[in-house]
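Trainee:
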Amino acid sequence: MKITDVKTYNLRYPLVEPFANSRGWTNARTAVVVEIRTDAGITGWGEGVSVPSASAVEAHLIGQSPFETERIWEAMRGDIGALSGIDIALWDIMGKALDMPIYQLLGGAFQLKIPAYASGLFKKDKPDITQALMDEAKGYVEAGFPAVKMKIGFGEAYDVENVAAVRRAIGDDTLFAVDANCGYDVGTAIDVGQKLLDYDLFWYEEPITSDDVAGYREIRHALKVRIAGGEMLKGRWAFRDLLQERGLDIVQPDLSIAGGFTECRKIAAMASANYVRVLPHMWGGSIRLAATLHWQATLPDAPQALNPIPSLLEFDMTENRLRTALAQQPIKCR
Ligand SMILES: [Mg+2]
Numbered sequence: 002m003k004i005t006d007v008k009t010y011n012l013r014y015p016l017v018e019p020f021a022n023s024r025g026w027t028n029a030r031t032a033v034v035v036e037i038r039t040d041a042g043i044t045g046w047g048e049g050v051s052v053p054s055a056s057a058v059e060a061h062l063i064g065q066s067p068f069e070t071e072r073i074w075e076a077m078r079g080d081i082g083a084l085s086g087i088d089i090a091l092w093d094i095m096g097k098a099l100d101m102p103i104y105q106l107l108g109g110a111f112q113l114k115i116p117a118y119a120s121g122l123f124k125k126d127k128p129d130i131t132q133a134l135m136d137e138a139k140g141y142v143e144a145g146f147p148a149v150k151m152k153i154g155f156g157e158a159y160d161v162e163n164v165a166a167v168r169r170a171i172g173d174d175t176l177f178a179v180d181a182n183c184g185y186d187v188g189t190a191i192d193v194g195q196k197l198l199d200y201d202l203f204w205y206e207e208p209i210t211s212d213d214v215a216g217y218r219e220i221r222h223a224l225k226v227r228i229a230g231g232e233m234l235k236g237r238w239a240f241r242d243l244l245q246e247r248g249l250d251i252v253q254p255d256l257s258i259a260g261g262f263t264e265c266r267k268i269a270a271m272a273s274a275n276y277v278r279v280l281p282h283m284w285g286g287s288i289r290l291a292a293t294l295h296w297q298a299t300l301p302d303a304p305q306a307l308n309p310i311p312s313l314l315e316f317d318m319t320e321n322r323l324r325t326a327l328a329q330q331p332i333k334c335r
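First residue of the sequence shown? That's 2 in our numbering, and the numbers climb one at a time after it.
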């Protein structure tokens, strides 16, 4: 089987209601969808974050076997954001060619049902943001989510007031994570983090920028809470020091950013060797969600236990028709 054609679609969905994380407002959601066709009549679909160059497609994909994922990966590693979408599409072709789900090609699923956490609770332009966050959080608990994640990083006053309010709204039994999207420096991250410890956080995500490995170590030693991060990192080298230096308790590679299945399984192996938990990041369209489910199903409990720490799928609850209306059968959470 040979690759005959590669098309990319740069999709953009303008939001009805903009929202913000600590770094800025989001007015639209995007996805770079890749379609790879073969001479066997099989088409694969992937989702990345950048568009591959025409010269790279011509040189490294056209005429090649879609099964040679390692070779193609190494040839195209200069643009991992584009390669991520290509790699996901190649695995889709392999699965279709062998009539097997990708999780099986990856070595088999440890779980066919994955508990999901509601990822939302962004800042919005509301007259009473605290009440709005409480209502949103309560809705997630009523819908059956065992865990929720909220955006912080907007300053101590906002973070403490709203984390306290959301904890009250969700009760004591719901797992509660917070995400600062790299909005703090080390000192502020520790200072605010210490004030949030009263609210029993399951993890504290991206307190600072991902390349400050020493900073992550400082925060991790200063705070009695799991530290998570890594969603923006591309390629195994970007993850290496954070994992080896034990800067994280939870690493969150994103399939569509970090390099697709081919690379993310290597990152997961490196995390496992360093006893760091892998909880994939998922904030994108339908294809990324489907791919993430396949990969996450193949991650074993670590450690294996009678009552293991749950693997939680990041279920993006924000408005995005690239996730809810792009596929003919959108994935829903039950
Ligand atoms: Mg995040």
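Ideal Cβ positions, reconstructed from N, Cα and C, are used throughout, including at glycine.
Round the Cβ separation of D250 and R218 to the nearest angstrom and send it over; I've been treating them as touching at under 8 Å.
Mentor: Going by Cβ atoms, the distance from D250 to R218 rounds to 12 Å, so no, they are not a contact pair.
Trainee: For ligand 1, any of its heavy atoms closer than 6 Å to the Cβ of E315?
Mentor: No - ligand 1 has no heavy atom lying nearer than 6 Å to the Cβ of E315.
Trainee: Tell me where the alpha helix (DSSP H) around R266 begins and ends.
Mentor: Taken as a continuous stretch (DSSP letters only), the alpha helix (DSSP H) holding R266 covers G261 to A274.
Trainee: May I ask you to report which of helix, strand or coil DSSP gives E162?
Mentor: Helix.
Trainee: Can the beta-carbon of V279 be found closer than 7 Å to that of L243?
Mentor: No; because the gap between Cβ atoms is not below 7 Å, this pair is not in contact.
Trainee: From F146 to A83, what distance separates their C-alpha atoms?
Mentor: Looking at the two C-alpha atoms, the distance is approximately 33 Å.
Trainee: Mind checking who K150 pairs with in its DSSP beta bridge?
Mentor: Looking at the DSSP assignment, K150 forms a beta bridge with S120 and A178.
Trainee: If we count the other Cβ atoms within 10 Å of its Cβ and call it buried at 16 or more, is A181 buried or exposed?
Mentor: Burial call: buried.
Trainee: What span of residues does the beta strand (DSSP E) with Y10 cover, start to end?
Mentor: Run containing Y10: I4 to N22, per the beta strand (DSSP E) assignment.
Trainee: Since I believe L327 is in contact with A117 (beta carbons under 8 Å), could you give me their beta-carbon distance rounded to a whole number of angstroms?
Mentor: That pair is no contact at about 19 Å.
Trainee: Could you name the residues of the same chain whose beta carbon sits closer than 8 Å to that of D80, not counting the 5 residues immediately before and after it, in chain order?
Mentor: Excluding sequence neighbours, D80 sits near S51, P53, S54 and A57.
Trainee: Identify the continuous beta strand (DSSP E) that holds L244 and give its terminal residues.
Mentor: First-last for L244: R237 to Q245, but that is the alpha helix (DSSP H), not the beta strand (DSSP E).
Trainee: Terminal residues of the continuous alpha helix (DSSP H) containing G86?
Mentor: First-last of the alpha helix (DSSP H) with G86: I81 to L99.
Trainee: On the DSSP letters alone, give me the boundaries of the alpha helix (DSSP H) that D192 sits inside.
Mentor: Looking at the DSSP string, the run of the alpha helix (DSSP H) that includes D192 is V187 to L197.
Trainee: Go ahead and label K114 buried or exposed: buried means 16 or more other beta carbons lie within 10 angstroms of its beta carbon, across all protein chains shown.
Mentor: With fewer than 16 Cβ atoms within 10 Å of its Cβ, K114 is classed as exposed.
Trainee: Have a look at T299, A229 and S287 and flag the residue whose alpha-carbon is nearest the alpha-carbon of R30.
Mentor: If we check each option's Cα against that of R30, S287 comes out closest.
Trainee: Could you work out which residue in E206, A41 and A298 is closest to L99 when comparing CA atoms only?
Mentor: It is A41.
Trainee: Comparing alpha-carbon positions, which option in G154, L294, T299 and S257 lies nearest S273?
Mentor: Answer by Cα proximity: T299.
Trainee: What is the residue span of the alpha helix (DSSP H) that G140 lies within?
Mentor: Segment I130 to E143, the alpha helix (DSSP H) holding G140.
Trainee: Run through the DSSP bridge pairs and tell me what T31 is partnered with.
Mentor: T31 pairs with R13.
Trainee: Near D317, which residues of its chain fall below 6 Å by C-beta distance, leaving aside the five closest residues on each side in sequence?
Mentor: Around D317: S120 and W284.
Trainee: Can you list, in chain order, the residues of its chain with a C-beta nearer than 6 Å to that of L197? Leave out the 5 residues immediately preceding and following it.
Mentor: Counting only Cβ-Cβ distances below 6 Å, and skipping sequence neighbours, we find V164.
Trainee: Roughly how many angstroms lie between the CA atoms of T263 and L106, to the nearest whole one?
Mentor: Distance between the alpha carbons of T263 and L106 is about 11 Å.
Trainee: Using a Cβ-Cβ cutoff of less than 6 Å, which residues in the same chain neighbour E232 once the five nearest sequence positions on both sides are dropped?
Mentor: Only Q253, D255 and H282 meet the Cβ criterion.
Trainee: Measure from the alpha carbon of S257 to the alpha carbon of each residue in D88, A60, G194 and H295, then state which is nearest.
Mentor: Out of D88, A60, G194 and H295, D88 has the C-alpha closest to the C-alpha of S257.
Trainee: For the alpha helix (DSSP H) containing I332, list its first residue and its last residue.
Mentor: Careful: I332 lies outside any alpha helix (DSSP H) and carries neither H nor E.
Trainee: Run through the DSSP bridge pairs and tell me what F111 is partnered with.
Mentor: DSSP lists no partner for F111.
Trainee: Could you work out which residue in R24, E48 and T44 is closest to R13 when comparing CA atoms only?
Mentor: Considering only alpha carbons, the answer is E48.
Trainee: Among D302, L290 and M2, whose alpha-carbon lies nearest the alpha-carbon of C334?
Mentor: Checked all of D302, L290 and M2; the closest Cα to C334 is L290.
Trainee: Applying the 10 Å Cβ sphere with the 16-neighbour rule, what's the burial state of H295?
Mentor: By the 10 Å Cβ count, H295 comes out buried.
Trainee: What are the boundary residues of the alpha helix (DSSP H) that includes E71?
Mentor: E71 -> alpha helix (DSSP H) spans T70 to A76.
Trainee: Give the secondary structure of I310 by DSSP, where H, G and I count as helix, E and B as strand, and everything else as coil.
Mentor: Correct three-state label for I310: coil.
Trainee: Is A166 near I191, with beta carbons less than 7 Å apart?
Mentor: Not closer than 7 Å, so no.
Trainee: Do V149 and A158 have their C-beta atoms within less than 7 Å of each other?
Mentor: No. Outside cutoff.
Trainee: Determine the extent of the beta strand (DSSP E) in which A229 is found, giving its start and end residues.
Mentor: Segment I228 to G230, the beta strand (DSSP E) holding A229.
Trainee: Tell me whether D250 counts as near ligand 1, meaning its Cβ is closer than 6 Å to at least one heavy atom of that ligand.
Mentor: Result no, Cβ not under 6 Å from ligand 1.
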